[in-house]
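Residue numbers (the numbering used here), protein chains in the order written: chain A, 42 to 206; chain B, 4 to 439.
Even glycine gets a Cβ: it sits at the ideal position worked out from N, Cα and C.
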């Protein structure tokens, strides 16, 4: 199980790196086409925005750990292990609730976007925006798992122990 | 303040964001959760949260500068570019008393022309220079850490600058003029720190670096030259009207890549992969905050909070200066609780209508705010930069805080001058056609 997870984690990293590389390349291509060849390509800008959007939500869903986020840590760090678990449980339950309750409406909004296509690449916008749906689903799963761990009394990720989330 | 006009839903929303953030929930997620609470309490479509976040991020071209600047800074830090710049700076100002402390400031000025992020400066070039300063016990670790933290605040003032990009996003001001407006204040901050360095170095009898002979200078300059060219390329690109600031960010990243990989041969595929991976993660965390701030600001705007703030301030009959000074104190205090991106994206928009009302120039306002926010990063007890340096070097926080106080003081003096004499900020952009 652990091996499978770590393999998946590495593939997720590959994808994030590929997205960033694609975004960077598209941008460079845009500059070259505009200032060197002087025949601007239309699609590069859109490709940049698309990869940027995917990069954010893909990385946030699969790569960024809780402690790597921007957090206000003073109370959390100052708390003892028991209180930390309570804090962790409350925030996990709150996030599962918030992302869970809004999930159907989010799905409606994003699937509604199928009627629109991106202006130059012609990609259906529900595919473009679909990454947010994936992100929301993963957040619900990740924080459900975290809540279960907190309830079971295991040390939470971010405390330096057991980082295999 | 017209608190009676604030809806119950908004109070729930605020309670959620503060409650969740206080117990260590990631700030971005706390804001999104609070937005969902608000929409639910109002009986509005819950899909609005995702709509604002996704559409906002997808349509904002200017934001692409953020990941590109992050990539550029990470490449600079990983290659030998930072070391070469430092050697050059040592040759330049090492001969004065407390030379390495001065090197620290000068290196920040040059490096800041590339990275656009104070944290990147402190964690990258800052770490190397702290090692140089503390070798053989010549400088106390706490002093080395303190001057590094203080000089890292210059990074986002001298263009390019991620915080200025964020301010441009919320205020609709020209990013080009904002960048220009930061140049003189950045140099003012550097001079202020260098003056303080001289005072402290004389009093504490700091060492002098071995004088680098004139004959060696051309060689050292030649080795650092391609790196020194970078700020020039960026500035020419932006102000020569050749490229947009976002494109300049891409050019910067590409230039750093070519420099590190081809010219200096300091980059392997493996290290490039890691640079991209770390940049992806940093971009994602800041991208999430931006996205969350978009929906949060939408709510704040529909509740007409900024107008209420403006009306309240008007009823206090604050003068322009009084308003700016009060805001300065508030931002320094908030710097203890929130990071720079959150302050710029969420708190600053609350005061923009008031600033407009008082006829404050928004470019001047922006630069002052960004300087203010950066100083907030080193304000004890909870300055983020102090923590970053403490985390990367292991130097105890207590000593850093003690030694950072004189620098904090002189930076605040510099900030006061910027507030009271708007020309220090606006003179340069005016030379380039800014009307305001």
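{"query": "Candidates B/101, B/330, B/27 and B/92, of which the one nearest residue 124 of chain A by Cα", "result": "B/27"}
{"query": "Rounded C-alpha distance that separates residue 227 of chain B from residue 414 of chain B", "result": "29 Å"}
{"query": "At least three beta-carbon pairs within less than 8 Å, the region 392–400 of chain B to the region 307–319 of chain B", "result": "no"}
{"query": "7 Å Cβ shell around residue 161 of chain B - same chain, five flanking residues per side excluded", "result": "112, 115, 116, 185, 186 and 189"}
{"query": "Any 3 or more C-beta pairs closer than 8 Å across the region 180–197 of chain A and the region 132–142 of chain A", "result": "yes"}
{"query": "Length of the line joining the Cα atoms of residue 43 of chain B and residue 16 of chain B", "result": "10 Å"}
{"query": "From A/148, A/106 and A/190, residue whose alpha carbon lies closest to that of residue 131 of chain A", "result": "A/190"}
{"query": "Backbone CA spacing between residue 154 of chain B and residue 405 of chain B [nearest angstrom]", "result": "16 Å"}
{"query": "Beta-bridge partners of residue 165 of chain A, as assigned by DSSP", "result": "A/158"}
{"query": "C-alpha distance - residue 4 of chain B paired with residue 306 of chain B, whole-angstrom precision", "result": "Legend: pLDDT at residue 4 of chain B = 46, less than 50; position of this residue unreliable, no value from coordinates given."}
{"query": "Boundaries of the alpha helix (DSSP H) in which residue 251 of chain B is found, first to last residue", "result": "248–261"}
{"query": "Where the alpha helix (DSSP H) containing residue 317 of chain B begins and where it ends", "result": "308–318"}
{"query": "Helix, strand or coil at residue 436 of chain B [DSSP, three-state]", "result": "coil"}
{"query": "Three CB pairs or more closer than 8 Å across the region 342–353 of chain B and the region 291–299 of chain B", "result": "yes"}
{"query": "Interface residues of the region 78–97 of chain A facing chain B [CB-CB below 9 Å]", "result": "86, 89, 90, 91, 93, 94, 96 and 97"}
{"query": "Against chain B: residues of the region 50–70 of chain A by CB proximity under 8 Å", "result": "54, 57, 58, 60, 61, 62, 64, 65, 68 and 69"}
{"query": "Chain B within 8 Å of residue 107 of chain A, Cβ atoms only", "result": "yes"}
{"query": "Cβ-based neighbour list, residue 209 of chain B, same chain, cut-off 7 Å, excluding 5 preceding and 5 following", "result": "100, 101, 104 and 142"}
{"query": "Interface residues of chain B facing residue 147 of chain A [CB-CB closer than 8 Å]", "result": "49, 50, 52 and 53"}
{"query": "Cβ neighbours of residue 74 of chain A in the same chain (closer than 8 Å, five flanking residues each side left out)", "result": "80, 81, 82 and 85"}
{"query": "Near-chain A residues of the region 371–391 of chain B (beta-carbon distance less than 8 Å), N- to C-terminal order", "result": "385"}
{"query": "For residue 54 of chain B and residue 96 of chain B, the rounded distance between their alpha carbons", "result": "53 Å"}
{"query": "Residues, ordered as in the chain, of the region 116–142 of chain A that lie near chain B by beta-carbon distance below 7 Å", "result": "116, 117, 128, 131, 132, 135, 136, 139 and 142"}
{"query": "7 Å CB neighbourhood of residue 452 of chain B in its chain, flanking five on each side removed", "result": "This structure does not reach residue 452 of chain B, given that chain B is present from 4 up to 439, and the question cannot be answered."}
{"query": "Neighbour flag for residue 156 of chain A against chain B, beta carbons, 8 Å", "result": "no"}
{"query": "Cβ of residue 271 of chain B within 8 Å of any chain D Cβ", "result": "The question asks about chain D, but that chain is absent: this structure's protein chains are A and B."}
{"query": "Residue burial classification, residue 71 of chain A (beta-carbon count within 10 angstroms, cutoff 16)", "result": "buried"}
{"query": "Contact set for residue 37 of chain B: own chain, Cβ-Cβ below 6 Å, skip 5 residues either direction", "result": "16, 19 and 20"}
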